[in-house]
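Just so we're aligned: 480 in UniProt numbering is position 480 of the sequence shown, and the numbers increase by one with no gaps anywhere.
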Amino acid sequence: MREPHLSRFVAGQLSPERRAADLRRLRAERFDVLVIGGGVTGAGAALDAASRGLKVALVEARDFAAGTSSRSSKLIHGGLRYLEQLEFHLVHEALTERGLLATRLAPHLVRPVPILVPLPAGRGLRNLPARMFRRSYYGAGVAAYDAFAGLFGGGRGMPLHRHLSREGARRIFPSLRADAVAGAIRYYDGQVDDARLVVTLARTAASLGATVVSSARAVGLVRQAREVTGVRIRDLEAPAGSPDAEFEVRARTVIGATGVWSDDMSRMLNDVGLRPGIRVRASKGVHLVVPRSAITGETGLILRTPSSVLFVIPWGGHWIIGTTDTDWRLDRAHPAASARDIEYLLEQVNTVLERPLTTADIEGVYAGLRPLLAGEADSTSKLSREHAVFEPMLGLLLVAGGKYTTYRVMASDVVDRAVRRLGGGPPSRTADLPLLGADGYPAMWRDRADLARRHGLPVGVVEHLLERYGTLTRDLLALVDADPLLASPLAGAPEYLAAEVTYATQAEGALHLEDVLTRRTRISFETTHRGLESAEHTAELMGAVLGWDAATRAREVEHYRARVEAERQSQLMPDDATADAARLGAPDVRGFAADRGTDDAELPSSR
Numbered sequence: 001m002r003e004p005h006l007s008r009f010v011a012g013q014l015s016p017e018r019r020a021a022d023l024r025r026l027r028a029e030r031f032d033v034l035v036i037g038g039g040v041t042g043a044g045a046a047l048d049a050a051s052r053g054l055k056v057a058l059v060e061a062r063d064f065a066a067g068t069s070s071r072s073s074k075l076i077h078g079g080l081r082y083l084e085q086l087e088f089h090l091v092h093e094a095l096t097e098r099g100l101l102a103t104r105l106a107p108h109l110v111r112p113v114p115i116l117v118p119l120p121a122g123r124g125l126r127n128l129p130a131r132m133f134r135r136s137y138y139g140a141g142v143a144a145y146d147a148f149a150g151l152f153g154g155g156r157g158m159p160l161h162r163h164l165s166r167e168g169a170r171r172i173f174p175s176l177r178a179d180a181v182a183g184a185i186r187y188y189d190g191q192v193d194d195a196r197l198v199v200t201l202a203r204t205a206a207s208l209g210a211t212v213v214s215s216a217r218a219v220g221l222v223r224q225a226r227e228v229t230g231v232r233i234r235d236l237e238a239p240a241g242s243p244d245a246e247f248e249v250r251a252r253t254v255i256g257a258t259g260v261w262s263d264d265m266s267r268m269l270n271d272v273g274l275r276p277g278i279r280v281r282a283s284k285g286v287h288l289v290v291p292r293s294a295i296t297g298e299t300g301l302i303l304r305t306p307s308s309v310l311f312v313i314p315w316g317g318h319w320i321i322g323t324t325d326t327d328w329r330l331d332r333a334h335p336a337a338s339a340r341d342i343e344y345l346l347e348q349v350n351t352v353l354e355r356p357l358t359t360a361d362i363e364g365v366y367a368g369l370r371p372l373l374a375g376e377a378d379s380t381s382k383l384s385r386e387h388a389v390f391e392p393m394l395g396l397l398l399v400a401g402g403k404y405t406t407y408r409v410m411a412s413d414v415v416d417r418a419v420r421r422l423g424g425g426p427p428s429r430t431a432d433l434p435l436l437g438a439d440g441y442p443a444m445w446r447d448r449a450d451l452a453r454r455h456g457l458p459v460g461v462v463e464h465l466l467e468r469y470g471t472l473t474r475d476l477l478a479l480v481d482a483d484p485l486l487a488s489p490l491a492g493a494p495e496y497l498a499a500e501v502t503y504a505t506q507a508e509g510a511l512h513l514e515d516v517l518t519r520r521t522r523i524s525f526e527t528t529h530r531g532l533e534s535a536e537h538t539a540e541l542m543g544a545v546l547g548w549d550a551a552t553r554a555r556e557v558e559h560y561r562a563r564v565e566a567e568r569q570s571q572l573m574p575d576d577a578t579a580d581a582a583r584l585g586a587p588d589v590r591g592f593a594a595d596r597g598t599d600d601a602e603l604p605s606s607r
């Protein structure tokens, strides 16, 4: 008999069989709420609606978190710089959500990360007033940050800040140049594997009865008179020429949570003469990944740049450095990092490092697009990070903007509007609803040594699993017990187990090689080979679950190889236009054409 916690796990499995069954449900049933977009906001909205007892469907054109939601700085944070901009409501909201995630909703996925705020140096008595002012100024800001967290943070979940001298700062971060800092302030924020949180949200929604399908692209709205009554969907996994590939899904309310593709959904309304009242602008953010050995430090860093801020964040055996903040009007499905972006990040981080980084230090690079509510500002760094909900047509709600950290608030707001349209219902309960893997996590972490001993694994391996799956670690251990070969390290990425690939395919909705190497794991940016040395082993493990023959395995590996080579080429190009052209040299594994912000009304992906 399975343990009690596994019944909900089984209900939340996104297996190949579950996908086939959910496709049948999409064709046959009418839903209270149909959510388009499987990023953090869409998955959060599906969970919110399902937890209220509504009949819910969630469709995603590519993979869950394929867009912005897997390409962030991996922080759950209140936005320290918003205090400087006097946007107290944003800080209040974000710190509340940070506290909920770290203490109640997802303590297995969100954990504290210490961050230093270096205080710029300036020697001599003449610079003393400036140094004192900067310490007081930044100190007051961080103290206010902690105060907001304590008063409104839903349970702080983070240690308090601390002032450090120059010597104290360099003790915990020896790579800081002595002449670059006069001291520092250490504070804490939250860290998360962004793609993993999104998959967990989608699975939790599925465990509550939601129909959840990826590789299902919205290609048009279904209307009766001036009311939206559904969406036309194309199954991108259907065989070429299949008459069943495209079908209609009926819904009482459609929620569009498509991030930087929000304007595409808006254009679906043009033929009925409606103005959607929403415009989203894409801001490109590029991150570099370097090995932990390249920088010596026990904390992260936050640095002021000419246009914004730059984070240097510890990430396992690596550092993540980013981000940029520039306008992007090219391919939204595959934003490309250019040599100029990489040079800028290296130049900024090297202003405080004793040993400057070079391109030879870089293990990985990734680029994502922030969906910003458009305004009159020329600079994307000045556009709104707030969110908004619009109802451009009866039966259609659009949610856009916002921050990753506040996804739950965005989801609650748009589902509140849907519930009012449906005649009323209970309020959101997601503030008290732990995600799959959260229940019992603290106790399981305490017992990790015993768990490792019982399953014959090193404690470090069990810790790795617990920090990625929480109490669902039991289910990976069950796979290992049934097939000890799955306890072997994955080829080319020894920090991951082969079992994690099998599990991603059996339970987490992974359908293609890049889903596993880029989002279920982060091998694509954590290794200098960008996942190429793991590709064949991963394809074998996935193929055993999905029934791939040798030709299919080879095709998946070749698609992934072409993607990696195109990304590498783009990162050698001098500017956005040439980088974009290089990145488009690789075909999309799901058969997408280039999405360049034209009037094509199809929705390529999620936020």
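Every residue, glycine too, gets a C-beta built ideally from N, C-alpha and C.
C-beta contact flag for residue i and residue j at 7 Å
i	j	result
ARG226	ARG30	no
ALA554	SER570	no
SER266	ILE278	yes
GLY259	THR505	no
LEU532	VAL501	no
ALA579	ALA360	no
LEU54	ASP32	yes
VAL228	LEU330	no
LEU451	VAL461	no
ARG203	GLY220	no
LEU160	GLU508	no
Nearest-angstrom Cβ-Cβ length linking residue i and residue j, presumed shorter than 8 Å
i	j	result
residue 630	ALA94	Only positions 1 to 607 of the chain appear in this structure, which leaves residue 630 out of reach.
LEU486	LEU497	7 Å
ILE36	THR299	With 8 Å as the limit, ILE36 and THR299 do not qualify as a contact, their Cβ atoms being about 40 Å apart.
ARG186	ARG162	5 Å
LEU476	ALA499	5 Å
TRP328	LEU369	6 Å
LEU236	ARG217	6 Å
THR253	LEU422	7 Å
VAL516	THR552	Their Cβ separation, rounded to whole angstroms, is 15 Å, which puts VAL516 and THR552 out of contact at 8 Å.
Buried or exposed by the 16-neighbour rule on C-beta atoms within 10 Å, applied to residue i
i	result
LEU572	exposed
GLY297	buried
GLY492	buried
PRO174	exposed
residue 614	Given a span of 1 to 607 for the chain in the structure shown, any question on residue 614 remains unanswerable.
SER165	exposed
SER207	buried
GLY424	exposed
GLU567	buried
HIS89	exposed
GLY78	buried
THR358	exposed
ALA482	exposed
PRO426	exposed
ARG18	buried
Helix, strand or coil at residue i according to DSSP, with G and I counted as helix
i	result
GLU376	Low confidence applies here, because GLU376 scores a pLDDT of 37, under 50, leaving its location unreliable and the question unanswered by this model.
THR538	helix
LEU584	coil
TRP548	coil
residue 694	The shown model of the chain, from 1 to 607, leaves out residue 694, and the question about it has no answer.
GLU391	strand
GLY155	Interpretation of GLY155 is limited by its pLDDT of 45, a score under 50 that renders its predicted location unreliable; the figure taken from the coordinates is listed afterwards. GLY155: coil per DSSP, three-state reduction.
SER15	coil
HIS318	strand
HIS163	strand
ASP32	strand
PHE525	helix
ARG429	coil
Pick from the options that is closest to residue i, judged by C-alpha positions
i	options	result
VAL192	ALA579, ARG111 and VAL213	ARG111
ALA544	ARG232, THR578 and TYR503	TYR503
TYR469	ALA195, VAL117, PRO392 and GLU60	ALA195
THR200	LEU109, THR68 and VAL280	LEU109
VAL415	ARG24, PRO16, ALA46 and LEU26	ALA46
ARG25	ARG281, VAL59 and VAL461	VAL59
ALA205	ILE320, ALA50 and ASP576	ALA50
ALA294	LEU353, THR326 and VAL280	LEU353
ARG98	SER72, TYR188 and ARG18	TYR188
SER307	THR323, ARG453 and SER428	THR323
ARG561	VAL419, THR253 and SER534	SER534
PRO291	LEU466, ARG332 and GLU363	GLU363
HIS387	PRO16, GLY437 and THR41	THR41
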